[in-house]
Structure formats: C-alpha cells, structure tokens
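Peer 1:
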Amino acid sequence: MLPIIAMTVMTQGIILPEDLAKEVDAKRLRSTVEKLASWNDRNTNNSTLTEAANWIADQYREIPGLQVEVMKYKLPKMARVPEEKEVVQVLAVLPGETNTRILVGGHFDTINMVDKEKGLQARAPGANDDGSGTALALELARVMSKRKWRNTLVFVAFSGEEQGLYGSKALAARAVAEKWDIEAVFSNDMVGNSKNKIGQKDDRQVRVFSAEATPGGGEAPPHHSRELARIIEFLTRESVDGFGVKLVFRNDRFGRGGDHTPFMQAGFNAVRFTEVHEEYSRQHTEDDLPGDVDFKYLGNAAKMNLIAMGYLADAGQAPTNVRIDRSQGHDTTVNWHAEPGVRYTVYWRETTSPVWQGNVRLGAVATYTAKKLSKDDYIFAVGAVGGIPVEAK
Ligand SMILES: [Zn+2]
3 MLPIIAMTVM
13 TQGIILPEDL
23 AKEVDAKRLR
33 STVEKLASWN
43 DRNTNNSTLT
53 EAANWIADQY
63 REIPGLQVEV
73 MKYKLPKMAR
83 VPEEKEVVQV
93 LAVLPGETNT
103 RILVGGHFDT
113 INMVDKEKGL
123 QARAPGANDD
133 GSGTALALEL
143 ARVMSKRKWR
153 NTLVFVAFSG
163 EEQGLYGSKA
173 LAARAVAEKW
183 DIEAVFSNDM
193 VGNSKNKIGQ
203 KDDRQVRVFS
213 AEATPGGGEA
223 PPHHSRELAR
233 IIEFLTRESV
243 DGFGVKLVFR
253 NDRFGRGGDH
263 TPFMQAGFNA
273 VRFTEVHEEY
283 SRQHTEDDLP
293 GDVDFKYLGN
303 AAKMNLIAMG
313 YLADAGQAPT
323 NVRIDRSQGH
333 DTTVNWHAEP
343 GVRYTVYWRE
353 TTSPVWQGNV
363 RLGAVATYTA
373 KKLSKDDYIF
383 AVGAVGGIPV
393 EAK
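Positions 3 to 395 (the numbering used here) are the ones given, in order, by the sequence shown.
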C-alpha cells in the first residue's frame, strides 16, 4: 500500500519518510539517554530539572531551522509538590508551509517513589521512563529537519508528568488559548524496553494507545484519536522490516495516564506509544538505567513515529461532508467536499476489522465508486493522501 503514496511524494523530488527513517541513529539515541540518566534525578521539584531542560534546549538549538523555546508554567502545591513553583519544559518548532501542527514528545522529568528516606534527593535516572521518549523526539527533530514539510512539526520535552501531567496540561491549555491547529499528538512514554523480568519479550512491535473518537455534541470537544491510531498502523505497515505497531483500543494502560491525555481531552487527536512489555519493578526507582534499554528497539520505535509523522506532515487538508450515496445497489459510492489541488485516498474495512483492509489512491476528485463492495458490510472513509481519514456517513 505504501508505494502508492510513495509515488506522489517522489514526484515532488522529496525524500520519502520511510527513506528518511533510515537515518535514525541508535547510537545517538543511546548517548542522549545516557546523558539524561547521568543526572541524579530530573524531578520537577529540583534544580536538576532546569539543568536537564537547558541541556535538552541546547541540543535542539544545534539543529538548523528549529525555533527553540524553554516554556515556563506553574506547578501547583500538592502531594508530590511541597510548594507552588515555576518550572520549565522545552519546545522546538520546525515551521512548515501551513500552521497545522503535528506534535511529538516524551517527558524528561523523573521520580523515585520507593526511596522515602531520601525523598526528592533519591536517585531517579529515568532512562526508559522517559529518557527513551525524550531521546526519540530529539532524534526525530535531527532527522526530520533535513527536509521541508507542508505542516509544522513540534518536538516537545514535557516536565511535570510524574506529578500529574502538569506540563502537558499547560501546553494543551496554551494550544487552546492560542488557537493552535493541531492535527496529531504523539506521546512516547517508555519506548525502550523490549523484555521484562519474567521472560516476556517483544522487540518487533510498539503499542499505540488511543481513546475512542468522539464526534462532539457532549461536554467534551470532538477528537478522532482512534482514527489517528488507525492511520498510523496503515502508514507504517510493512515499512520497517519485521517491525510494526500494535493497536490497543483504550486511551492508556489500565488506570494510568500520560501526556497525550490532556490534548485528547482538549479536543486534539492524540495517542500514546509504549513498549509491549513493561518492567514495573524498575519504574520510578533507581534501577531505571540505560543498560536495560534496548536501543535497536528504541530506534525502530523512532522510525515508526517518523514515518507516520512524515506522511501526516505532508498531507493536505482533510475532506469535509464525506457521504455514502444511499441508493441501493451492489456498489458503494462515496462523495465528499474536496479542497482544490488535494489528492485523496478512499479506505474501507469490514465492520469487525480494527484496521483498514483496502484503499485506493485517487487524484483531486470528489467521488469514488467501490465496485461490488456493500455499504452494509464495510465502513468507508476518505482522507487526504497520508492524512487522517474521515468516516463516510
Ligand atoms: Zn512516564
């Protein structure tokens, strides 16, 4: 399926996301994680957080074309915060031709929740949680800044996650206040651990968690996080040898949260990437060390992110008013409102299939008839090539 999309981009003389992904460097990922883990901790309450933030900002500043910001926000006084304080996190923006934004990030703050005696001074290296996601976002910035994209890319190192997602809440609130047009948010949180201590291993998949899409009309604004997850699976399918995404149709691990959640709640399409097998005994302890990170696995997770993000970054505007023709017959006709010059893909899947089973890439048209496919048995959707599809109703 990818070659069809590939041809479009190739004709513009631009390097394809799956080719660019080959430049992801596991050695650079390793040196970033090792540097991050070299601080005693990166607790959001401590000065080590600011030191790490400044180091991360400096790494982003070395990449040509990025606009880097050390963003300040208030962390409220609460259980894991002895006093209200101003803290920092890092944003790096790669401007595109449009103001539509695709965000990718991980949280660089850490916590030790077992060593009560040392409290805030306890060692918390956070190599995997979430040095891995922080390093992934930085590596994507290095590689993706090598070419121009239609949409704007934003790389984020979140803080305040371990106290209650405060950094992502602050950024999501700012995005709403400043009316950011965010198409997708990729949160990478623990993406470097390919096996656990009871012998389970999976170094061939990374999980993608997504909340069910909500059409709006209720109290929460609409989002299409599930459709984002589904197109990530489609865009990355068979793109990295023997490696893929595993869709999990819930917002996050059972009873737990992550930095994508405030964005989803604010009405943005947002998903979480996490390794398949977590090792719970290392999380939030002094034992979350670089030696237990599988950097080849982390590199493949980075490639998945890059390919999906790259296609989303090149996609034109989504179609509107996507409708199924209600007349009865053996074929199904789908119509939509097309934006000038935008090429579209029509997708279909059986009602029981979680993933797109068929697709056809079209030109700048506004209708398609799928021969011998019944609208009773299939769900249809239309998207700009490489973009999040809109289900036909
Ligand atoms: Zn985490």
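C-beta: ideal position from N, C-alpha, C; glycine also.
The model shown is predicted, which means the values in this text are computed figures rather than measured ones.
Three or more C-beta pairs closer than 8 Å, one from the segment 143-161 and one from the segment 52-64: is that the case here?
Peer 2: Contact between the segment 143-161 and the segment 52-64 is present, because at least three Cβ pairs lie under 8 Å.
Peer 1: How do the segment 307-314 and the segment 370-386 stand: do at least 3 beta-carbon pairs fall below 8 Å, yes or no?
Peer 2: Segments in contact, no.
Peer 1: Touching or not, the segment 288-297 and the segment 24-42, by the rule of three or more beta carbon pairs under 8 Å?
Peer 2: The segment 288-297 vs the segment 24-42: in contact.
Peer 1: Within a Cβ cutoff of 7 Å, which residues of the same chain sit near residue 216, ignoring the five residues on either side of it in sequence?
Peer 2: Excluding residues within five positions, the ones whose Cβ falls inside 7 Å are 222, 224 and 225.
Peer 1: Going by the CB atoms, is the gap between residue 273 and residue 227 shorter than 8 Å?
Peer 2: Taking 8 Å as the Cβ cut-off, residue 227 and residue 273 qualify as a contacting pair.
Peer 1: Do you know offhand how far residue 129's Cα is from residue 229's?
Peer 2: Straight-line Cα distance between these residues: approximately 31 Å.
Peer 1: For the segment 312-320 against the segment 385-394, are there 3 or more C-beta pairs whose distance is under 8 Å?
Peer 2: The segment 312-320 vs the segment 385-394: in contact.
Peer 1: Which residue marks the beginning of the alpha helix (DSSP H) containing residue 247, and which one marks its end?
Peer 2: Residue 247 -> not in any alpha helix (DSSP H); beta strand (DSSP E) instead, spanning 246-250.
Peer 1: Identify the continuous beta strand (DSSP E) that holds residue 361 and give its terminal residues.
Peer 2: From DSSP, the beta strand (DSSP E) with residue 361 extends over 360-363.
Peer 1: Starting from residue 208 and walking both ways along the beta strand (DSSP E), at which residues does that stretch end?
Peer 2: Where residue 208 is concerned, the enclosing beta strand (DSSP E) stretches over 207-211.
Peer 1: Using only the alpha-carbon positions, how far apart do residue 289 and residue 169 sit?
Peer 2: Residue 289 and residue 169: Cα-Cα distance of roughly 25 Å.
Peer 1: By the DSSP assignment, the beta strand (DSSP E) with residue 267 in it spans what residues?
Peer 2: From DSSP, residue 267 is part of no beta strand (DSSP E) but of the alpha helix (DSSP H) over 262-267.
Peer 1: Return helix, strand or coil for residue 241, following the three-state DSSP convention.
Peer 2: It is coil, neither helix nor strand.
Peer 1: Residue 31 and residue 143 look like a contact to me (Cβ under 8 Å); what is the Cβ gap, rounded to whole Å?
Peer 2: So it is not a contact: roughly 12 Å between Cβ atoms.
Peer 1: Closer than 6 Å by C-beta to residue 187: which residues in its own chain qualify, once you throw out the five before and the five after it? Chain order, please.
Peer 2: Around residue 187: 105, 262, 265, 270 and 272.
Peer 1: Taking the alpha helix (DSSP H) that residue 313 belongs to, which residues open and close that run?
Peer 2: Counting along the chain, the alpha helix (DSSP H) containing residue 313 begins and ends at 297-316.
Peer 1: I'd like the span of the alpha helix (DSSP H) that includes residue 172, first residue to last.
Peer 2: From DSSP, the alpha helix (DSSP H) with residue 172 extends over 168-179.
Peer 1: Please specify which runs of the beta strand (DSSP E), each continuous and at least 3 residues long, are wholly inside the segment 64-103, giving them in chain order.
Peer 2: Runs of the beta strand (DSSP E) inside the segment 64-103: 69-77 and 87-96.
Peer 1: Count the other C-beta atoms from every protein chain shown that fall within 10 angstroms of the C-beta of residue 406, then say buried if there are 16 or more, exposed otherwise.
Peer 2: The first residue shown for the chain is 3 and the last is 395, placing residue 406 beyond what the model contains.
Peer 1: Does the separation of the CB atoms of residue 368 and residue 339 fall below 8 Å?
Peer 2: Yes, the pair counts as a contact, with Cβ atoms nearer than the cut-off.
Peer 1: Can you name the start and end residues of the alpha helix (DSSP H) that residue 290 belongs to?
Peer 2: Segment: none, residue 290 is in no alpha helix (DSSP H) and carries neither H nor E.
Peer 1: Compute the Euclidean distance between the alpha carbons of residue 73 and residue 89, then round it to the nearest angstrom.
Peer 2: So the alpha carbons of these two residues sit roughly 8 Å apart.
Peer 1: Can you list, in chain order, the residues of its chain whose CB lies under 6 Å from that of residue 376, leaving out five sequence neighbours each side?
Peer 2: Excluding sequence neighbours, residue 376 sits near nothing in its chain.
Peer 1: I need the straight-line Cα distance from residue 103 to residue 183, nearest angstrom please.
Peer 2: The alpha-carbon atoms of residue 103 and residue 183 are separated by roughly 6 Å.
Peer 1: Cα separation between residue 328 and residue 138?
Peer 2: Each residue's alpha carbon lies about 46 Å from the other.
Peer 1: Check residue 370 in the structure and name its three-state DSSP category.
Peer 2: In the structure shown, residue 370 sits in a strand (DSSP, three-state: E or B).
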